[in-house]
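Report on the following structure.
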DNA sequence: TCTGGGGTCCTAGGACCC
DNA sequence: TCTGGGGTCCTAGGACCC
């Protein structure tokens, strides 16, 4: 029996840029960059007119401007993105409950159980694209195939604003001529390593022995790519697993390190991370910090505690200690840094019992300070005040740091994963 | 002209235990 | 006298994805 192309991958085209063109019709058909400027900052997304000149998301603004004369830099409307994307996901959910959202703007669907109601996958995909265009106003591309990997590649090939269905009999012919860079898990480094061995297409990859790939790329990457190139992809469309870590970071350009700066930035980041943990009743034992220096070199330091943390002040102190440890180990007298990051992993449920009992150890570095549970209780009461009166109402953060530099919180929230 | 913010997973070495 | 082997956890770095 032949299995049909019942896995769909639906992916909104140049999502942020398309939203801006939807909101302001004068931008339609023109090369635009969302975020950044010709002077600096980072481009969050580019319209297809700009992509034609090589402009990509994540690119410094000055470089985008250089690549694409006439590029329009547009301010992002962060408050619009989540709601529009949610409306698209609601439309996808009308044909099957098996929708796996993997980011704000893309999802897998399994329509195997829907064909008796809505027709073959081609018809379902066509109808979904029409509805998203008519009801939300955004272009969306869809790939349909027998596996997730193949469906995702098909949607990439379908872009912009297209549909590609790969029937089981056509899989090899579809895949073989495509560049390896389209495969999930092949980034710039892997692509270069493969090219050094004369492997540029998925067909060439499929003809390479597994052992050769493992030696070139490592065991996990080698076996995974070998399987995917042979269309061996057993992954199902399923609900996303719970998050395994929570983090926040702040880029600062080139900044001289001072104790005040480290304390303020880490306090801000720790409050974001710990607040999200507490909001979901979670906590984590491993604290990791990342320090990046001008020129993009970066180091990480981590520490696994005896008990999980979700108190802002405790997290701030652990992070501070790790950052200074990392800085001391650099042989620079007056170091400059360009980014600080804090993340918490080894997540567990915040046990209810810990509300009553002191957390052991209360604070590894300041004997005699408040206990962990006292800090947690204080945080919870401040969370409640913020819920009622807004995020700036109360906090550890010095007034000078609030609402100032950096990206808006609305942008951060778009990238957050559910805990 | 100098690079955002949120994540996952893998590898390798060392500590430690039995 | 100075050593096997397996398993688990921790740490640091790196590739990759959206």
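Residue numbers (our numbering): 17 to 435.
We put the beta carbon where it would ideally sit given N, CA and C, even for glycine.
Identity of the residues DSSP links to residue i by a beta bridge
i: residue 357; result: 265 and 306
i: residue 126; result: 23
i: residue 161; result: 23
i: residue 117; result: 123
i: residue 181; result: 160
i: residue 314; result: 308
i: residue 363; result: 300
i: residue 131; result: Per DSSP, none; premise fails for residue 131.
i: residue 56; result: 53
i: residue 352; result: 272
Collapsed DSSP secondary structure at residue i in the structure displayed
i: residue 291; result: helix
i: residue 93; result: coil
i: residue 48; result: strand
i: residue 237; result: helix
i: residue 27; result: strand
i: residue 217; result: strand
i: residue 321; result: strand
i: residue 379; result: At residue 379, the pLDDT of 45 sits below 50, so the modelled position is not reliable and the matter cannot be decided from this model.
i: residue 225; result: coil
i: residue 140; result: helix
i: residue 420; result: Legend: pLDDT at residue 420 = 44, less than 50; position of this residue unreliable, value from coordinates given subsequently. Of the three classes helix, strand and coil, the one that applies to residue 420 here is coil, per DSSP.
i: residue 250; result: coil
i: residue 204; result: helix
i: residue 191; result: helix
i: residue 35; result: helix
i: residue 270; result: strand
i: residue 85; result: coil
i: residue 76; result: strand
i: residue 61; result: strand
i: residue 176; result: coil
Inter-residue CB distance, residue i and residue j (contact presumed, cutoff 8 Å)
i: residue 263; j: residue 357; result: 6 Å
i: residue 16; j: residue 305; result: Because the chain in this structure spans residues 17 to 435, residue 16 falls outside the shown range and cannot be described.
i: residue 144; j: residue 88; result: Contact flag wrong, Cβ pair sits at about 30 Å.
i: residue 219; j: residue 192; result: 3 Å
i: residue 431; j: residue 354; result: 19 Å between Cβ atoms; not a contact.
i: residue 134; j: residue 111; result: 6 Å
i: residue 297; j: residue 366; result: 5 Å
i: residue 127; j: residue 140; result: 5 Å
i: residue 21; j: residue 182; result: 6 Å
i: residue 229; j: residue 199; result: Going by Cβ atoms, the distance from residue 229 to residue 199 rounds to 12 Å, so no, they are not a contact pair.
Sequence-distant residues of its chain with Cβ nearer than 8 Å to residue i (five each side left out)
i: residue 243; result: 249
i: residue 260; result: 361 and 363
i: residue 271; result: 277, 352, 353 and 354
i: residue 273; result: 343, 350, 351, 352 and 353
i: residue 300; result: 261, 262, 293, 324, 325, 326, 360, 361, 362, 363 and 364
i: residue 71; result: 47, 49, 59, 62, 80, 83, 84 and 87
i: residue 339; result: 278, 282, 305, 307, 317 and 356
i: residue 187; result: 161, 162, 166 and 247
i: residue 76; result: 52, 56, 57, 58 and 59
i: residue 149; result: 155 and 156
i: residue 39; result: 93 and 96
i: residue 234; result: none
Top-ranked residue by Cα proximity to residue i, from the options
i: residue 92; options: 51, 130, 149 and 120; result: 51
i: residue 55; options: 80, 65 and 151; result: 80
i: residue 35; options: 21, 47, 42 and 96; result: 96
i: residue 335; options: 313, 302 and 314; result: 302
i: residue 210; options: 435, 76 and 238; result: 238
i: residue 398; options: 434, 350, 53 and 328; result: 328
i: residue 389; options: 291, 330, 254 and 130; result: 330
i: residue 154; options: 200, 141 and 30; result: 30
i: residue 157; options: 213, 240, 351 and 174; result: 174
i: residue 104; options: 139, 57, 47 and 27; result: 27
i: residue 19; options: 206, 221, 137 and 106; result: 137
i: residue 197; options: 245, 41, 315 and 118; result: 245
i: residue 345; options: 332, 314 and 320; result: 314
i: residue 426; options: 288, 311 and 251; result: 288
i: residue 428; options: 285, 223 and 391; result: 285
Cutoff 6 Å; reference residue i; Cβ partners in own chain excluding five residues on either side
i: residue 25; result: 124, 159, 167, 168 and 171
i: residue 433; result: 259
i: residue 190; result: 182
i: residue 147; result: 107
Other residues of its chain near residue i: CB distance less than 7 Å, five sequence neighbours each side excluded
i: residue 152; result: 100, 103 and 104
i: residue 195; result: 216 and 217
i: residue 32; result: 50, 60, 61, 92 and 97
i: residue 396; result: 294
i: residue 225; result: none
i: residue 213; result: 232
i: residue 10; result: Absent from the model: residue 10. The displayed extent of the chain is 17 to 435, so no value can be given.
i: residue 424; result: 94
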